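Sequential numbering from 1 applies to the sequence shown in our numbering.
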Amino acid sequence: MSALSMTGFGNESLENSKQIISIEIRSVNYKYFDCSIKLPEIIKEIESDVRKMLTKNIIRGKVEIKINVLENEIENENPISINAVKELRKIETNIKKYFPNAKELSVYEILNHPKTFEVQKDNTEEIYEQVLLLTKKCLDNYIDSCKREGSRLESHILLCVKKIEEYIKEALKLAPKAERLINERIKARLLDVTSESFKDYYNSQSQKKIDSNKMHSFLEFFEDRLRIEAGLASSKINISEELERMSSHTHEIRRVFAENKDQAIGKRIEFLSQEMHREANTIGSKSSTIGLSKISIEIRLLIDQIKEQVQNLQ
1 MSALSMTGFG NESLENSKQI ISIEIRSVNY KYFDCSIKLP EIIKEIESDV RKMLTKNIIR
61 GKVEIKINVL ENEIENENPI SINAVKELRK IETNIKKYFP NAKELSVYEI LNHPKTFEVQ
121 KDNTEEIYEQ VLLLTKKCLD NYIDSCKREG SRLESHILLC VKKIEEYIKE ALKLAPKAER
181 LINERIKARL LDVTSESFKD YYNSQSQKKI DSNKMHSFLE FFEDRLRIEA GLASSKINIS
241 EELERMSSHT HEIRRVFAEN KDQAIGKRIE FLSQEMHREA NTIGSKSSTI GLSKISIEIR
301 LLIDQIKEQV QNLQ
């Protein structure tokens with residue numbers, strides 16, 4: 001059991017003494033479910049049944065199903081419908097009245113017209129049953145192909161998730177060091193500024209008695225200012241919340257894959273990847289060291305891979 005891809009293919013055929021039935025289902029990526037059904041006139045009445053069958057088993061994707069029903073030429077001496085051929089010629093004659101230079105129908109075009117080998121309607125119920133049974137088999141083959149491709153997509157996405165989780169662990173180790181480094185830089189800058197101010201004050205008081213109260217107030221101001229600046233800087237570069245949320249998103253992706261096998265999960269994974277990308281951008285803007293910046297870039301590249309692969313999931 002695995003995730004389902006929106007890209008799939010399935011085909012089935014049946015040949016008996018009366019008919020040759022062939023069915024083909026294929027699909028490509030699409031945001032919603034869109035179905036195109038192509039079948040001959042003889043089985044038009046079961047189009048709704050075929051559509052229900054597809055709708056029940058396929059959630060997303062642009063799906064096309066082609067069903068052909070022909071009389072078996074081996075078992076039937078004259079499979080060609082003479083009336084159908086005459087009707088085609090009659091239509092051709094009428095068209096030529098308005099378009100005299102129009103090209104004449106070739107034998108190949110006549111033989112490939114769906115009504116040329118029109119099946120007799122005395123066994124339509126039997127044909128309906130055979131077509132629906134064969135459609136079910138074809139649909140099973142199609143779903144199997146979606147599962148195989150979905151399994152490959154799932155493996156690739158989970159590999160990206162694993163690498164992201166490794167980068168999160170690495171970032172958690174680097175973040176405290178980065179914060180300490182920033183705090184030390186702020187402290188050094190404040191010391192430079194305050195030392196100059198202190199020198200000016202000391203020089204101005206060199207011939208006087210230094211006011212201990214003023215000195216105490218000055219030191220308190222310096223300590224308070226240092227705490228405020230350090231706190232502001234820490235809040236600007238702290239990425240612990242972003243890393244925690246991103247880790248939560250990776251766990252959710254694993255859970256979705258584990259608990260929703262053979263179901264439509266593409267939209268859910270796509271939403272989570274968008275949330276992860278937002279967190280990665282925030283981490284990048286807050287990164288204060290080369291190491292954290294590199295991690296942010298690598299995480300975003302992996303998320304882009306996930307977003308690309310998830311476009312193929314139902």
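Even glycine gets a Cβ: it sits at the ideal position worked out from N, Cα and C. It should be emphasised that the depicted structure is a prediction, and the values quoted were computed from it without experimental measurement.
| field | Straight-line Cα distance separating ILE269 from THR250 | value | 10 Å
| message | The beta strand (DSSP E) that contains ILE20, what's its start and end? | response | 19-28
| From PHE99 to LEU134, what does the alpha carbon distance come to, in whole angstroms? | 43 Å
| request: Determine the direct distance from the alpha carbon of SER48 to that of ILE21, and round the result to whole angstroms. | output: 18 Å
| request: Please list the segments of the alpha helix (DSSP H) lying wholly inside the segment 262-314, counting only runs of 4 or more residues, in order along the chain. | output: 266-286 and 290-310
| Does the separation of the CB atoms of ILE46 and LEU132 fall below 8 Å? | yes
| message | Report the CB separation of MET53 from LYS173 in whole angstroms; it is logged as a contact under 8 Å. | response | 54 Å between Cβ atoms; not a contact.
| Cβ of ILE164 within 8 Å of Cβ of ILE299? | Going by beta carbons, ILE164 and ILE299 fall inside the 8 Å limit.
| query | LEU94 to SER81, Cα distance in whole Å? | reply | It is Asn, not Leu, that sits at residue 94 in the sequence shown. Looking at the two C-alpha atoms, the distance is approximately 20 Å.
| request: Could you give the DSSP three-state label for SER247: helix, strand or coil? | output: helix
| request: Report yes if the C-beta distance between GLU242 and GLU275 is below 8 Å; otherwise report no. | output: Cβ distance not < 8 Å, so GLU242 and GLU275 don't count as in contact.
| field | LYS38, DSSP secondary structure in three states | value | strand
| message | DSSP three-state label for ASN11, please. | response | strand
| Simplified DSSP assignment, three categories, for SER2 | SER2 falls in the coil class under three-state DSSP.
| Selected residue, minimal CA-CA separation from ALA171, among VAL310, ILE42 and SER296 | SER296
| said: Taking 7 Å as the cut-off, is the beta-carbon of SER287 closer than that to any non-hydrogen atom of the ligand FAD? | reply: Annotation note on the ligand FAD: not contained in the displayed structure, which lists no ligands.
| task | Would you mind stating whether GLY266 and ASN141 have Cβ atoms separated by less than 8 Å? | result | no
| field | Distance, ILE239 Cα to GLY8 Cα | value | 42 Å
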